[in-house]
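Numbering (the numbering used here), first residue to last: 578 to 1153.
Structure record follows, encoded as structure tokens.
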């Protein structure tokens, strides 16, 4: 009974959002999938009701704790919303000023080949940004560039989510690995071994995953004709990535991203593995949803046009690498301690803000539940808003253009905001209750069902954690202890099981609902998107349903990822 109730919200969410349109069903009428801003709050309300009336096994799940968790979830949605807002503002600034057109034209001249463009931006550039930042920033940065190049936005959204899986376990300077498993009492040697095995799983999966991701956007025959280029481009990233994982869990994705960006640029420029004489633009043209920016003024040099992106990458690097000291400053007083100003909000709790602009709400409804958000560390004010403001004089934008960029940004967020609040409240409800939390119930059921075959399914538990939370780190924090306990009970190699957990947490990001909502919001992807000018095409008919359509496109690659992880688990079983 408890397992059935735990699964119910997820099953209902899939039915409401992913079930394709159906013709008239007798007296029931026709069926169309619900948009995310309706389905997610509805399912969150169901999960909230189940917590209140069905779970509640003890004092940890008393009503006040459940209410506080719902408030915590709603407040937690401010983080992805802020990132989306900042990313949209940056790209609207670049779009309306003409800078985006300068960059996309240069990319076309460097390599007019669509596959080369997709790999350069969607794979190599995203790989580096994930290593530096995480937080969903890679897709938020890469997807608008690709849409600006003329690729269809819905498929770009799905492709970016699929490609941004390999580097995730070492994203944000290795946070999912060193912090996600930090509570397990691992030695540095054990942590290093887990990191290397995680990187090995990702490296084994990378060629297939990149090919599948490209296939979402371009026909297979186009990918096949460029397979040598694609495999060399993948190797340029994952080779250094795997090597660095032998020595560090902080820098594999950064090193792999830097090497990959340099390698893919060289391969594209010299047309290694690419057909000669490709001059056609990718299908879709300006009908993909990017606003038709005016031709850039003659003074708009490539360096000036690229400066907002370069500044964004630089700020992310400076604020993420521990050795530089800025990260510690931006997160100082992160628990509202000495130096923080506070104000009581009655029963709601106590709001506070630190000198480093970390804001929070402690003791929500008197339960001890707390929420916080480091405003200068979350990719919002730094780098997106600051760079967007600096770009106004740099790109010589007049008042009308600035107003247009900011108004378009503000108009983009209403429905995504509702969807994200629903998604994060659902996450909190699914993870509330300690050992009896719905997510924990499902995880234990998976482990108990598979028994000694658990290594072949362990990555799916990691994916389940990321599906709920959108975070490899949270997945590892939540399910790492279960994975370690299962390994001990069944006599399995702990490093292998935890590596599968971490790899699964990375692959689960591509199907996480609020990750999909976030990248769709950055692109302005309508819930009922159709490719303009192709309403009668079969392909266009498949692109109805926005966020649900993106989810359908990412499920198959995630399952392939899981199969590859299972195969590698078999190899590890023989080797260790």
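Cβ atoms here follow ideal geometry from the backbone N, Cα and C, with glycine treated the same way.
Checklist line | Segment contact flag, the region 615-634 with the region 651-660, C-beta cutoff 8 Å, min 3 pairs | finding: No, they do not touch.
Next item on the list: Would you mind giving the Cβ-Cβ distance between residue 1009 and residue 1023, rounded to the nearest angstrom? I have them listed as a contact below 8 Å.
Entry: Not confirmed; about 19 Å, so no contact.
Margin query: Quick check on this structure: which residue in 949, 1020, 816 has the alpha carbon closest to the alpha carbon of residue 1034?
Written below: 1020
Check: Taking only runs of the alpha helix (DSSP H) that begin and end inside the region 898-936, which ones reach a length of at least 4 residues, in chain order?
Finding: 903-907
Note to self: Could you tell me the alpha carbon to alpha carbon distance between residue 1135 and residue 696, rounded to whole angstroms?
What the structure shows: Between residue 1135 and residue 696, the C-alpha separation is close to 19 Å.
Next item on the list: State the start and end residues of the unbroken beta strand (DSSP E) segment that holds residue 950.
Entry: Note, residue 950: beta strand (DSSP E), 946-951.
Note to self: Quick check: the Cα distance between residue 757 and residue 1050, rounded to an integer number of angstroms?
What the structure shows: 5 Å
Notebook entry, point to check: Quick one: what does DSSP say residue 596 is sitting in, helix, strand or coil?
Noted result: Secondary structure at residue 596: coil, using DSSP grouped into helix, strand and coil.
Margin query: Comparing C-alpha positions only, which one of 1026, 993, 1097 sits nearest to residue 615?
Written below: The shortest C-alpha separation from residue 615 is found at 993.
Notebook entry, point to check: If we count Cβ pairs, one from each stretch, closer than 8 Å, do we get three or more for the region 1082-1090 versus the region 741-750?
Noted result: yes
Margin query: Just to confirm my understanding: we take residue 892, look at its own chain, exclude 5 residues before and 5 after, and list those with CB closer than 6 Å. What are they?
Written below: 959, 960
Check: residue 941 by DSSP, collapsed to three states: which one?
Finding: strand
Checklist line | Limits of the unbroken alpha helix (DSSP H) element including residue 1053 | finding: 1049-1067
Next item on the list: Taking 8 Å as the cut-off, decide whether the C-beta atoms of residue 1043 and residue 1052 are in contact.
Entry: The Cβ atoms of residue 1043 and residue 1052 sit closer than 8 Å to each other.
Check: When the Cα atoms are used, what is the spatial distance from residue 869 to residue 932?
Finding: Any reading at residue 869 must be qualified, since the residue scores a pLDDT of 41, below 50, and its modelled position is unreliable; no value is offered.
Next item on the list: Kindly indicate which three-state DSSP category residue 784 falls into: helix, strand or coil?
Entry: helix
Next item on the list: Could you tell me if residue 641 is buried or exposed, where buried requires 16 or more neighbouring beta carbons within 10 angstroms of its beta carbon?
Entry: exposed
Notebook entry, point to check: DSSP beta-bridge partners for residue 956?
Noted result: For residue 956, DSSP records a beta bridge to 959.
Note to self: Considering only their Cβ atoms, is the gap separating residue 731 from residue 1128 smaller than 8 Å?
What the structure shows: Cβ atoms of residue 1128 and residue 731: not closer than 8 Å.
Next item on the list: State the DSSP-derived secondary structure class of residue 659, mapped to helix, strand or coil.
Entry: helix
Notebook entry, point to check: Along the chain, where does the alpha helix (DSSP H) that runs through residue 1008 open and close?
Noted result: Segment: none, residue 1008 is in no alpha helix (DSSP H) and carries neither H nor E.
Notebook entry, point to check: Do you know offhand how far residue 910's Cα is from residue 769's?
Noted result: Distance between residue 910 and residue 769, taken at the CA atoms: about 30 Å.
Next item on the list: Output the distance between the C-alpha atoms of residue 755 and residue 826, rounded to the nearest integer angstrom.
Entry: 7 Å
Notebook entry, point to check: Comparing alpha-carbon positions, which option in 795, 788, 797 lies nearest residue 809?
Noted result: The residue with the shortest Cα to Cα distance from residue 809 is 788.
Notebook entry, point to check: Taking buried to mean at least 16 other C-beta atoms within 10 Å of its own C-beta, is residue 588 buried or exposed?
Noted result: By the 16-neighbour rule on beta-carbons within 10 angstroms, residue 588 is exposed.
Note to self: Could you give the first and the last residue of the continuous alpha helix (DSSP H) run that contains residue 1025?
What the structure shows: 1015-1027
Next item on the list: Give the straight-line distance between the Cα atoms of residue 899 and residue 752, rounded to the nearest whole angstrom.
Entry: 11 Å
Checklist line | Host alpha helix (DSSP H) of residue 649 (start-end) | finding: Note, residue 649: alpha helix (DSSP H), 640-653.
Margin query: Helix, strand or coil, according to DSSP, for residue 1034 in the structure here?
Written below: Residue 1034 falls in the coil class under three-state DSSP.
Item checked: Inter-residue spacing [alpha-carbon to alpha-carbon] between residue 975 and residue 969 -> 8 Å
Next item on the list: Could you pull out every unbroken alpha helix (DSSP H) segment of at least 4 residues lying fully inside the region 958-1005, listed in chain order?
Entry: Fully enclosed alpha helix (DSSP H) runs of 4 or longer: 961-971, 976-987.
Notebook entry, point to check: Using a Cβ-Cβ cut-off of 7 Å (strictly less than) and excluding sequence neighbours within five positions of residue 1004, which residues of its own chain qualify?
Noted result: 650, 1045, 1046
Check: Distance, Cα to Cα, residue 973 vs residue 608?
Finding: 50 Å
Next item on the list: Could you check which residue in 648, 1143, 613 has the C-alpha nearest to that of residue 1090?
Entry: That would be 613, whose Cα lies nearest to the Cα of residue 1090.
Checklist line | Three-state secondary structure assigned by DSSP to residue 827 | finding: coil
Next item on the list: Taking residue 1097 and residue 1132 to be in contact with their CB atoms under 8 Å, please state how far apart those CB atoms are, rounded to whole angstroms.
Entry: Rounded, the Cβ-Cβ distance is 16 Å, inconsistent with contact.
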